[in-house]
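Participant:
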Amino acid sequence: MEPSKDISRLIEIMAALRHPETGCPWDIEQNFQTIKPYTIEEAYEVSDAIERGDMDDLCDELGDLLLQVVFHARMAEEAGEFSFGDVVNAITTKMIRRHPHVFARSEADTPDAVKRQWDEIKQAEKRERAERRAKRGITEDFRSGFLGSVQRSFPALTEALKLQERAAKVGFDWSAPEPILDKIEEEIGELRAALREGDHAKVSDELGDLIFAVVNIGRHVKADPEQALRGTNTKFRRRFNHIEEVLEAEGETLEDATLERMEEIWQAAKAIERALVAR
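Under full-length UniProt numbering, the first residue of the sequence shown is numbered 1, with each subsequent residue one higher.
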């Protein structure tokens with residue numbers, strides 16, 4: 001099979017990868033849930049390439065993201081739900097429908113008129129969506145209710161923060177940071193218990209509760225959890241790079257170094273950072 005600029009070739013490649021007898025063992029065993037993290041990761045990598053202004057990387061990362069769309073569509077087709085063509089039809093239909101002032105006759109000839117028209121079309125689409133969900137027997141709708149304005153498509157930390165902010169508007173909130181610390185300790189205890197039981201599903205559930213509580217205290221002390229974690233990630237990168245550089249200077253590798261030696265260099269990196277801050 002040869003590469004091509006035609007989207008049909010990518011669809012053929014994915015079908016070949018998913019073939020139950022001659023395909024790739026890894027691709028064959030994947031499902032929507034296992035592929036979902038990669039889809040999110042690829043979207044972030046597209047964003048990173050844009051921020052860096054690297055057009056070569058952007059072209060490559062957009063291809064990786066497109067592969068995720070084709071992957072999900074292929075799995076849906078195998079399940080008898082929809083195909084890649086249906087995905088394309090859905091978005092083209094939506095774009096044409098939402099832009100009647102471009103693709104059909106419309107009175108909307110000002111920005112305000114276009115916005116009103118857009119809102120009316122979206123309301124109609126919501127009603128149609130509700131009807132389709134009802135036919136499938138889907139009753140739970142996270143887009144409804146007081147918290148419905150918080151998008152589930154946000155990164156989990158951001159969604160947690162916005163859910164808490166939204167609930168706080170009607171008084172469902174802690175009065176001060178200190179009780180949240182007690183809640184965090186409570187959640188740590190429950191996580192310890194789940195670990196002792198060896199129940200993976202319960203461990204995951206309790207870990208989520210703990211992270212949610214940590215996000216809550218970040219909100220109360222005006223420290224955005226996403227930015228706080230990014231700062232820690234940067235710090236971790238810096239210190240780990242220091243470990244690698246020191247080991248390389250000593251003629252060692254990360255793979256050969258003991259945990260004790262790496263911890264020793266880590267602590268030295270921390271001391272250097274503290275000294276720089278103290279200046």
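Cβ coordinates follow ideal geometry from the N, Cα and C atoms, glycine included.
Since the model is a prediction, treat every value here as computed from it, not as a measurement.
Hey, out of Lys169, Pro25, Glu42, Ser83, whose CA is closest to Leu65's CA?
Facilitator: Sorting Lys169, Pro25, Glu42, Ser83 by C-alpha distance to the C-alpha of Leu65 places Glu42 at the top.
Participant: Give me the residue from Glu61, His220, Trp26 with the minimum Cα distance to Asp173.
Facilitator: His220
Participant: Counting pairs of Cβ atoms below 8 Å between the stretch 206-224 and the stretch 181-195, do you hit three or more?
Facilitator: Look at the beta carbons and you see the stretch 206-224 touching the stretch 181-195: at least three pairs across the two are nearer than 8 Å.
Participant: Could you name the residues of the same chain whose beta carbon sits closer than 6 Å to that of Gln117, not counting the 5 residues immediately before and after it, in chain order?
Facilitator: Ala108
Participant: Using beta-carbon positions only, say whether Leu161 and Pro111 come within less than 8 Å of one another.
Facilitator: No, the Cβ-Cβ distance between Leu161 and Pro111 is not below 8 Å.
Participant: Please confirm if the stretch 15-33 is in contact with the stretch 73-82, defined as three or more CB-CB distances below 8 Å between the two stretches.
Facilitator: yes
Participant: Given this structure, state the Cα-to-Cα distance separating His200 from Leu67, to the nearest angstrom.
Facilitator: 31 Å
Participant: Look at Arg239 and Ala269 and say whether their C-beta atoms are less than 8 Å apart.
Facilitator: yes
Participant: CA-CA distance, Ser204 and Val150?
Facilitator: 23 Å
Participant: Using C-beta distances below 6 Å, list every residue in its chain close to Leu247, excluding the 5 sequence neighbours before and after it, in chain order.
Facilitator: Once the five neighbours on either side are set aside, the close Cβ partners of Leu247 are Ala257.
Participant: Any Cβ of chain C within less than 8 Å of the Cβ of Asn89?
Facilitator: No chain C appears in this structure, which consists of one protein chain only.
Participant: Look at Phe84 and Ile11 and say whether their C-beta atoms are less than 8 Å apart.
Facilitator: The Cβ atoms of Phe84 and Ile11 lie closer than 8 Å to each other.
Participant: Using DSSP with H/G/I as helix, E/B as strand and the rest coil, what is Ile243?
Facilitator: helix
Participant: Classify Leu181 as helix, strand or coil using the three-state DSSP reduction.
Facilitator: helix
Participant: So, at 6 Å on beta carbons, what are the nonlocal neighbours of Ala194 in its own chain, with the 5 sequence-adjacent residues on each side left out?
Facilitator: Lys202, Val203, Glu206
Participant: Taking Glu244 and Leu259 to be in contact with their CB atoms under 8 Å, please state how far apart those CB atoms are, rounded to whole angstroms.
Facilitator: Glu244 to Leu259, Cβ: 15 Å. No contact.
Participant: What is the DSSP secondary structure of Trp266, counted as helix, strand or coil?
Facilitator: helix
Participant: Between Ala166 and Tyr38, what straight-line distance do the alpha-carbon atoms span, to the nearest angstrom?
Facilitator: Before going further, note that residue 166 is Arg rather than Ala in the sequence given. The C-alpha of Tyr38 is placed about 29 Å away from the C-alpha of Arg166.
Participant: Could you give the DSSP three-state label for Ile188: helix, strand or coil?
Facilitator: helix
Participant: Cα-Cα, which of Ile91, Thr22, Gly23, Arg9 is closest to Gly63?
Facilitator: When C-alpha distances from Gly63 are compared across Ile91, Thr22, Gly23, Arg9, the shortest belongs to Arg9.
Participant: Mapping the DSSP letters down to three states, classify Ile138 as helix, strand or coil.
Facilitator: Annotated three-state conformation of Ile138 is coil, per DSSP.
Participant: Quick one: measure Cβ to Cβ for Val87 and Val69, integer angstroms, because I've assumed they're closer than 8 Å.
Facilitator: The pair is a contact, with the Cβ atoms about 7 Å apart (cut-off 8 Å).
Participant: Buried or exposed: Ile91, going by 16 or more other Cβ atoms within 10 Å of its Cβ?
Facilitator: exposed
Participant: For Gln33, is the classification buried or exposed, using 16 other Cβ atoms within 10 angstroms of its Cβ as the cut-off for buried?
Facilitator: Its Cβ having fewer than 16 others within 10 Å, Gln33 is exposed.
Participant: Where do the N-terminal and C-terminal ends of the alpha helix (DSSP H) with Lys202 fall, by residue?
Facilitator: 200-220
Participant: Alpha carbon to alpha carbon, what distance is there between Lys122 and Glu128?
Facilitator: Each residue's alpha carbon lies about 10 Å from the other.
Participant: So what does DSSP say about Pro20, is it helix, strand or coil?
Facilitator: coil
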